[in-house]
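Right, one structure below, let's go through it.
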Amino acid sequence: MDSSTDTTLHWNSIACAVGLSIVIAFCGFRIHTQPKNTAGAAIVLQTNPQAKPSIPLVAFRVAALSLFAYVWLLEIVADIANLKYYTIWNFSAQTLYLGYAVVHQILLWSHPAEELEHHHRVLNVIFDVIFTTVFVVALVYWTILYNPSDIVEWTTYVVHLANVFVFAVEFCVNEHLVQPASLPFLALWPTLYSLVTWVGVNTYLDGSWPYGVMDLTKPMAPLYWFGIIFGHVICFGFVSILSQFKRTYYSKREYAILP
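Under the numbering used here, the letters of the sequence shown match residues 90 to 348, in that order.
If you want it as structure tokens, here you go:
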């Protein structure tokens, strides 16, 4: 590298290290100071305590899980290096959520809902994060990365488009509302990816960045790094508005759909 590139890398590294540290510290503080009691920690839809979990919802999740797991395996078998991409990180999280949600529903058939409250809260946080990122990834891919002249594999359509529709349906039929308390976890997700990738570039990625805009030798890299995190916050605002519509809709009914 020439001296100007070294200088850019040096100052960009400092900017990103300081910025990511601030994000982590702020999110950690918010998570630590959030209400821990059941009444104040979340806004939930009212459900009928006498009813059983929705069989159609279980079937939908199992079908989606089967498709997602199959596509995930195809992506990894095709090239294990695909794990370096943020898209696959998010698709992995989406697949894990569906599996966790199916197990949670099955457990509700034999356990009181109160015993599984912690799992329900964890699922709500995970859903809030992946429901936001599914829009972020799709928006970036189809507006910035997509090249009409490229041949697009069907698996690419699944991880960049079909999953949007799957989680739109999931959002409409599950009992989760987007929680303001989930925002710190959302901000930490791309932050974690940035840190892991940064470490990877200096180790197992052999100096190659998964996305060119992340390359710290480029002057605008920090703006892209923190712009992506900010973009997640903007999308969180969007899904929060959708959640308000959902809450209003179900508030007119005695019971919401069960998990």
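For every residue, glycine included, the Cβ atom is placed at its ideal position computed from N, Cα and C.
Just so you know, these numbers come straight off a predicted model, no measurement behind them.
Legend entry - Whole-Å CB distance - Thr97 paired with Thr306, under 8 Å assumed: 6 Å
Legend entry - Sequence-distant residues of its chain with Cβ nearer than 8 Å to Ala310 (five each side left out): Asn101, Cys105, Val302, Met303 and Asp304
Inset, instruction - Would you tell me roughly how many angstroms separate the C-alpha atoms of His209 and Ile103, rounded to the nearest one? - result: 39 Å
Legend entry - Residue from Trp298, Leu212, Tyr246 and Ile195 whose Cα sits closest to the Cα of Ile144: Ile195
Legend entry - Inter-residue spacing [alpha-carbon to alpha-carbon] between Gly129 and Leu272: Per-residue confidence for Gly129 stands at a pLDDT of 34, beneath the threshold of 50, marking its modelled position as unreliable; the derived number appears in the next sentence. The alpha-carbon atoms of Gly129 and Leu272 are separated by roughly 16 Å.
Inset, instruction - Starting from Ile195, follow the alpha helix (DSSP H) in both directions and report where the run begins and ends. - result: Tyr175 to Leu197
Inset, instruction - Given a cut-off of 8 Å, decide if Ala158 and Thr184 are closer than it, judged by their beta-carbon atoms. - result: yes
Legend entry - Backbone CA spacing between Val151 and Pro237 [nearest angstrom]: 33 Å
Inset, instruction - Take the Cβ of Thr292 as the centre, count every other Cβ of all protein chains shown within 10 Å, and call the residue buried at 16 or more, exposed below. - result: exposed
Legend entry - Contact check, Val262 vs Ala153, beta carbons under 8 Å: no
Legend entry - 8 Å Cβ shell around Pro308 - same chain, five flanking residues per side excluded: Thr97 and Asn101
Inset, instruction - Measure the alpha-carbon distance for Thr244 versus Leu275 and round it to whole angstroms. - result: 25 Å
Legend entry - Where Gln135 falls, given that 16 or more other Cβ within 10 Å makes a residue buried: Caution applies to Gln135, whose pLDDT of 49 falls short of 50 and renders its modelled position unreliable; the value that the coordinates give is listed next. Per the 10 Å Cβ criterion, exposed.
Inset, instruction - Quick one: measure Cβ to Cβ for Tyr186 and Ile215, integer angstroms, because I've assumed they're closer than 8 Å. - result: 5 Å
Legend entry - Through-space distance from Leu234 to Ser181, alpha-carbon basis: 20 Å
Legend entry - For Glu164, the first and last residue of its enclosing alpha helix (DSSP H): Ile144 to Ala167
Legend entry - Euclidean distance between Cα positions of Leu294 and Ser199: 46 Å
Legend entry - CA-to-CA distance, Ala167 to Val229, given in whole angstroms: 23 Å
Inset, instruction - Work out the CA separation of Gly117 and Gly188 for me, nearest whole Å. - result: 27 Å
Inset, instruction - From the DSSP output, in three-state form, read off Asn291 for me. - result: coil
Inset, instruction - Please classify Asp217: is it buried, with 16 or more other beta-carbons within 10 angstroms of its beta-carbon, or exposed? - result: buried
Inset, instruction - Please report the residue range of the alpha helix (DSSP H) in which Pro299 lies. - result: Per DSSP, Pro299 belongs to no alpha helix (DSSP H) and is neither H nor E.
Legend entry - Limits of the unbroken alpha helix (DSSP H) element including Leu50: Outside the shown range of the chain, which is 90 to 348, sits residue 50, and nothing can be said about it.
Inset, instruction - Buried or exposed for Gln268, please, with buried defined as at least 16 other CB atoms from any protein chain shown within 10 angstroms of its CB. - result: buried
Legend entry - Three-state secondary structure assigned by DSSP to Leu266: coil
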